[in-house]
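*Asks:* So the protein lines, in turn, are chains A and B.
Using this note's numbering, the first residue of the first sequence is number 3, and each one after it goes up by one.
Using this note's numbering, the first residue of the second sequence is number 307, and each one after it goes up by one.
For glycine and all other residues, C-beta sits at the position ideal for the given N, C-alpha and C.
Here the structure is a predicted model, which is why all the values come from computation and not from measurement.
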Amino acid sequence: MNQIIHIAVKEFKDYFISPIAYIVIAMFLIITGWFFFSTFFLFDRADMRNFFALLPMIFAFVIPAVTMRLFSEEMNIGSYETLLTMPVSFIDIALGKFFAAVLFTFCMLIPTISYAVSIAMVGKLDPGPVIGGYIGAILLGGAFCAIGIFASCLTRNQIVAFIIGSFLCFALTIIDKLLFFVPGALTGVVGFLGADSHFQSIAKGVIDSRDIIYFLSLMFIGLFGTYLVMQERN
Amino acid sequence: MIQVRNLTKYYNDFCAVDGISLDINKGEILGLLGPNGAGKTTTLRMLTGYFRPSSGDIQVKDFSILKDTLKIKKLMGYLPESAPLYHNMLVFDYLDYVAGIRGLNREERMKRLRELADLCGLSNIMHKPVHELSKGLKQRVGLAHAMMTDPEILILDEPTSGLDPNQIADIRDIIKRIGKEKTIIFSTHILSEAEATCDRIVIINKGKIVADDSTISLKKKAEKGSSVKLSLSGADPEKAAALLRQIAGENEIRKLESEEKETVSFEIKTSDDFDLRKEIYLKIKETDWIITELFMESKSLEKIFRELTKEN
């Protein structure tokens, strides 16, 4: 447990030592801010539905950029060897890095609370969907972090890790919009795999155990995959 | 302390380490020698638990590397080749992080970091980012990393490669100082280094052990069979050769090209310990030739190494 915290703290600090954190956060805020507020006044509704509607698509590209270095960089400079020869288990390493990435996602979302505050000042904002949206955003971010970490441990090249990661996240985001290509019998199953619909149902303010289990199992699959790859490499 | 049994590692079809067995005792400084690609690093990586052996086992104390990897890792400090560190961290932050992962609590950590800074000479660079350090300094940070918990076993992979002579001397000094109470295994391809620091030398080639002996007896073996070199000024080459033939008996005499004028040089190879220098001197004294050079060259470790690891 202690080791997980040490690794998580170290990785989290690392983001802010290099300029990566500031660049990623700035990009995220500019993109979400632009897409959200450029149409916000046209709809004339005091809610954040458009913000949360865009979030999965933006996360699909931003989060793999956050996670791409977690394993690839270590393998590239060789510090992976130093890390693995210290008394830490594979699970400690994977979880430590995962928590650091989730914490970073959390930090990235904090400034967007100002959107909610400013909307609440100009109109009557219903807090339910907003709170649900943030809970969903953390769950979605966690799931994408796990997938991004899995992509990162596959390769020592950060760019390849980013491409694999965003491909997987993007596929999960759009899969439920491609249902008309899928044979009728499978639409139910394939539709359930889509991250977007699960996220949107939480963002409506309805916290359904199916959606939570979906995101938790995505996290588990991503981290377990990471564990298997690490073991295979050894 | 450490028992290695039939250790084998395959990379796909390539056999990097082929059935190595070794017993390493407590307090020994063991030098692992071999040409590049002989399997030194792979062997060390298996010892540290970074690689899983394809077959065979390593026992450290009563733990097996296959089952109790974490317990063994706790007993060991490891410095990988060329000390890969996190580039963007400060030296202090890095060592503090390592101390945390290794389970030292806050007060112990500060105390240990001070000790290590003194031991490895890091006091002046604690506040610098790792990527600004020279290779020698990085190596010292790596050494401090390896010694963090004062482990019983230290494994160092080519700790002096790429360093300048002063830095090499520094690192050797540190190794000798800590080697008094610890078991140290290190790999190198510099023979004089192994000779100067190790109690025991293991030479591997193509994944197999080709020599395993204490440094002293390996050197003794090497000295059997030496050669005497002799240069004479003002001597007639024919007569000198005849005279040497009397002394040398069965042994091989070779005339060498001389660099100086009016000087003849010979090399006499002997197969046993017998020292010919005294006799040569006494015989030459009777003539009016002048000895400008007379010395015995013992077969060095280098020669043994080359014989054992030659390609053919």
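1. Can you pull the chain B neighbours of valine 90 of chain A, defined as C-beta to C-beta under 7 angstroms?
2. Between lysine 589 of chain B and the rest of its own chain, which residues show a CB-CB distance below 7 angstroms, the 5 nearest in sequence each way excluded?
3. Threshold first: 3 residues or longer. Then list the beta strand (DSSP E) segments lying entirely within the stretch 435 to 493 of chain B, N to C.
4. Quick one: which residues of the stretch 71 to 89 of chain A get their C-beta closer than 7 angstroms to a C-beta of chain B? List them in chain order.
5. Starting from the beta carbon of aspartate 16 of chain A, find every residue of chain B whose beta carbon is closer than 8 angstroms, and list them in chain order.
6. Note down, in chain order, every chain B residue with its Cβ under 7 angstroms from the Cβ of histidine 8 of chain A.
7. Beta-carbon of serine 116 of chain A versus every beta-carbon of chain B: anything under 8 angstroms?
8. Counting only beta-carbon separations shorter than 8 angstroms, does proline 386 of chain B have a partner in chain A?
9. When the cut-off is 8 angstroms and only beta carbons count, does glycine 345 of chain B lie next to chain A?
10. Cβ of isoleucine 161 of chain A within 7 angstroms of any heavy atom in the ligand NAD?
11. Go to aspartate 49 of chain A, then tell me how far its alpha helix (DSSP H) extends in each direction, as first and last residue.
12. At what residues does the alpha helix (DSSP H) containing aspartate 198 of chain A begin and finish?
13. Taking the C-alpha atoms as reference points, what is the distance between lysine 607 of chain B and isoleucine 378 of chain B?
14. In chain B, which residues lie less than 9 angstroms from glutamine 160 of chain A when you measure between Cβ atoms?
15. Does any residue of chain A bring its CB to less than 8 angstroms from the CB of phenylalanine 357 of chain B?
16. Anything in chain B within Cβ reach of isoleucine 19 of chain A, meaning under 8 angstroms, just list it in chain order.
17. Using a cut-off of 8 angstroms between C-beta atoms, extract the partners of histidine 451 of chain B located in chain A.
18. Inspect the beta-carbon positions of glutamate 458 of chain B and lysine 488 of chain B and report whether they are closer than 8 angstroms.
19. Which residues in chain B have a C-beta closer than 7 angstroms to the C-beta of lysine 12 of chain A? List them in chain order.
20. For the stretch 461 to 473 of chain B, which residues have a CB atom closer than 8 angstroms to at least one CB atom of chain A, in sequence order?
21. Which same chain residues end up closer than 7 angstroms to glycine 196 of chain A when comparing Cβ atoms and leaving out the 5 residues on each side of it in sequence?
22. From what residue to what residue does the beta strand (DSSP E) around leucine 338 of chain B run?
23. Three-state secondary structure (DSSP) at aspartate 319 of chain B?
24. Tell me the rounded alpha-carbon separation between arginine 560 of chain B and serine 429 of chain B.
25. Taking 8 angstroms as the threshold (beta carbon to beta carbon), is asparagine 4 of chain A in contact with chain B?
26. Going along the chain, which residues of its own chain have a beta-carbon closer than 6 angstroms to the beta-carbon of alanine 500 of chain B, five neighbours each way excluded?
27. Is the beta carbon of cysteine 155 of chain A sitting closer than 8 angstroms to the one on isoleucine 65 of chain A?
28. So, helix, strand or coil for threonine 69 of chain A, using DSSP?
29. Anyone know if the C-beta pair for leucine 401 of chain B and isoleucine 491 of chain B falls short of 8 angstroms?
30. Closer than 7 angstroms by beta-carbon distance: list the chain A residues that pair up with leucine 376 of chain B, in chain order.
31. Using only alpha-carbon positions, find the residue among B:Lys514, B:Lys417 and B:Ala502 that is nearest to isoleucine 522 of chain B.
32. Can you find the residues in the same chain that come closer than 6 angstroms, C-beta to C-beta, to phenylalanine 201 of chain A, ignoring five residues on each side of it along the sequence?
33. Lysine 379 of chain B CB to nearest chain A CB: under 8 angstroms?
34. Against chain E, does asparagine 236 of chain A count as a neighbour if the rule is that its beta carbon must be under 8 angstroms from one of theirs?
35. Could you list which residues in chain A have their beta carbon closer than 9 angstroms to that of threonine 621 of chain B, in chain order?
36. Excluding the 5 residues flanking serine 370 of chain B on each side, which residues of the same chain have their C-beta closer than 8 angstroms to its C-beta?
*Replies:* Reading it off the structure:
1. Ile407
2. Leu549 and Ile553
3. 459 to 463
4. Ile79, Gly80, Ser81, Glu83, Thr84, Leu86, Thr87, Met88 and Pro89
5. Tyr392, Asn394 and Met395
6. Tyr403, Gly406 and Ile407
7. no
8. yes
9. no
10. Although the ligand NAD was asked about, the structure shown includes no ligands whatsoever.
11. Premise fails: aspartate 49 of chain A is in no alpha helix (DSSP H) and is neither H nor E.
12. 197 to 205
13. Note that residue 607 of chain B is leucine in the sequence shown, not lysine. Straight-line Cα distance between these residues: approximately 33 angstroms.
14. The premise fails here: glutamine 160 of chain A is roughly 14 angstroms from chain B at the closest Cβ pair, so nothing lies under 9 angstroms.
15. yes
16. Asn394 and Met395
17. Thr84
18. yes
19. Tyr403
20. none
21. Leu174, Ile177 and Asp178
22. 335 to 339
23. coil
24. 57 angstroms
25. yes
26. Gly337, Leu339, Thr494 and Ile507
27. no
28. helix
29. no
30. Pro89 and Ser91
31. B:Ala502
32. Pro58, Gly138 and Leu142
33. yes
34. Chain labels in this structure do not include chain E; the protein chains are A and B.
35. Shown here, chain B extends from 307 to 618; a query on residue 621 of chain B therefore has no answer.
36. Asp363 and Ile364
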